[in-house]
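Quick note on numbering that gives the first Met the number 0: the sequence shown kicks off at 0 and runs consecutively. Just so you know, even glycine gets a beta-carbon here, dropped at the ideal spot from N, CA and C. Model, not experiment: these values are computed from the prediction.
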Amino acid sequence: MELDPVSLTLEELMQMDALALHHLAKKSAGTLTRYQALLGRLLLAIERTGAHLEHGCSGGVHYAVMQLGLPVKKARLLIRVARELEGLPYLRYLANAGEIEWSKLREIVRVATPESERDWAQLCSDRTYAEIEDLVARSQWGEIPDDQQVRNGPRSEFRCRFDPDQMAVLERGLQAMCQQAGRALSMAEAIEMLFAEKLSERPVDDKQLERVRQAALKDLRWTDVIGAETESVGVEIVNPKSRVPSKAQRRAILRRDGYCCAVPGCPNTLWLEVHHIIFYADGGLTKPENLITICSKCHKNVHEGRLKILGDAPRGARFLNEFGRDIRQERTLETAFWLDIWCGWRGTEFDRRYLRLREDRAPAA
Ligand SMILES: [Zn+2]
0 MELDPVSLTL EELMQMDALA LHHLAKKSAG TLTRYQALLG RLLLAIERTG
50 AHLEHGCSGG VHYAVMQLGL PVKKARLLIR VARELEGLPY LRYLANAGEI
100 EWSKLREIVR VATPESERDW AQLCSDRTYA EIEDLVARSQ WGEIPDDQQV
150 RNGPRSEFRC RFDPDQMAVL ERGLQAMCQQ AGRALSMAEA IEMLFAEKLS
200 ERPVDDKQLE RVRQAALKDL RWTDVIGAET ESVGVEIVNP KSRVPSKAQR
250 RAILRRDGYC CAVPGCPNTL WLEVHHIIFY ADGGLTKPEN LITICSKCHK
300 NVHEGRLKIL GDAPRGARFL NEFGRDIRQE RTLETAFWLD IWCGWRGTEF
350 DRRYLRLRED RAPAA
């Protein structure tokens, strides 16, 4: 009689060598797949022959829940995989032989076809479950992920709702763009192209599109690291005597300042302007350390005398309010005051955060 490995106790297993344990573990994992696939096929057969009616159940899933105690989700999954495996001979063979992991199998049957099943099986043996899950999510039915996709990060899904009349504009616009491009564009490609044109302020071809992508990636990276080393990076001095910064220079300044108004406490990220710290009219040059990003409101305050900016951008810049007080320090005090009230303090009246900070300042002032 053949030994049934299920009868082996923990003690017996612990006496085995590493290789034997590995083989048994692999066999067990394979058995899980084999029996999950078998159970799915059984449920499908029960459903198709009407055997579930004998048990007073309405279908295969109902039968699996009532008679086998499976969760609904699991029952649905088993039946789905079994149904899909019927059209996939190679994957069915691997499943029956226990040579593929169940978790990966249940993912790839969503997208595999008889033409692509071997490639998917190959991917399963090279990749982790998380990678397979991600690749399946990014693939269409019948599609095999290419190296590019395997390398790229996850794809994002972007959903929005449109009214019928908005949708009409979108569809008509997409048609027009396809005609112009001379090929079919997906909505994703079309949207990217429109935004790229917006960013580069002119029509884009494939080469320019790539450039816009790289610039956008760079911008996102800079916005992520505001406060890190962003000193004058990539800001070229084009012509310090020209009154208006060049487009490239403007972009670089905005990037350096993290696309946000540089005035402490001002949260504006829209209506940004590049300002000369020493006014151009007073001999200020158009060079990175004399240029700073501020919003139109703060810009107005500067030119109306309520805000004064001194020093070199971006690190050395100081901002004074109409009473000549340093806005950054005022803001730190304001924050300390807020913290005292909102978080409370455990000491006496005289060691509040606000007072501590103000006293630190006092000798210097
Ligand atoms: Zn501002």
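Which partner residues does residue i have in the DSSP bridge list?
i       : result
Arg-317 : Leu-309
His-274 : Ile-291
Asp-325 : Leu-319
Identify, in the order they occur along the chain, each residue of the same chain with its Cβ nearer than 7 Å to the Cβ of residue i, setting aside the five sequence neighbours on each side.
i       : result
Ala-111 : Leu-87, Leu-90 and Trp-119
Tyr-279 : Arg-242
Leu-23  : Pro-4
Taking only the alpha-carbon atoms, compute the straight-line gap between residue i and residue j and give it to the nearest angstrom.
i       : j       : result
Ser-6   : Trp-101 : 24 Å
Trp-270 : Lys-296 : 8 Å
Glu-10  : Ala-28  : 20 Å
Leu-290 : Ala-175 : 42 Å
Glu-85  : Leu-12  : 37 Å
Asp-16  : Arg-47  : 46 Å
Val-108 : Leu-31  : 17 Å
Leu-169 : Pro-144 : 29 Å
Leu-332 : Leu-354 : 9 Å
Ala-316 : Leu-309 : 6 Å
Ala-94  : Arg-82  : 13 Å
His-54  : Tyr-62  : 7 Å
Ser-199 : Val-211 : 7 Å
Ala-363 : Phe-318 : Residue confidence is low: Ala-363 scores 46 on pLDDT, short of 50, so the model does not pin down where it sits. Its coordinate-derived value is still stated next. Spanning the two alpha carbons is a distance of roughly 17 Å.
Ile-131 : Leu-122 : 8 Å
Val-80  : Leu-18  : 32 Å
Gly-226 : Asp-311 : Per-residue confidence for Gly-226 stands at a pLDDT of 41, beneath the threshold of 50, marking its modelled position as unreliable; the derived number appears in the next sentence. The straight-line gap from Cα to Cα measures roughly 16 Å.
So residue i packs on residue j, CB below 8 Å; how close in whole Å?
i       : j       : result
Ile-326 : Pro-263 : 5 Å
Ala-335 : Arg-352 : 4 Å
Ala-215 : Val-203 : Not a contact, Cβ separation roughly 12 Å.
Excluding the five sequence neighbours on either side, which residues of its own chain have a C-beta within less than 8 Å of the C-beta of residue i, listed in chain order?
i       : result
Gly-304 : Glu-321
Arg-182 : none
Arg-172 : With the sequence shown as reference, residue 172 is identified as Gly, and Arg is not the correct amino acid for it. Cβ neighbours of Gly-172 beyond the five flanking positions: Ala-189.
Lys-26  : Pro-4 and Gly-97
Leu-77  : Gln-35, Leu-38, Gly-39, Leu-42, Ala-63 and Leu-69
Glu-272 : Thr-292, Ile-293, Cys-294, Ser-295 and His-298
Going along the chain, which residues of its own chain have a beta-carbon closer than 6 Å to the beta-carbon of residue i, five neighbours each way excluded?
i       : result
Cys-259 : Thr-268
Cys-177 : Ala-183 and Leu-184
Starting from the N-terminal end, write out each residue whose C-beta falls within a distance shorter than 7 Å of any non-hydrogen atom of ligand 3.
-> In the structure shown, ligand 3 is absent; the only ligands present are ligand 1.
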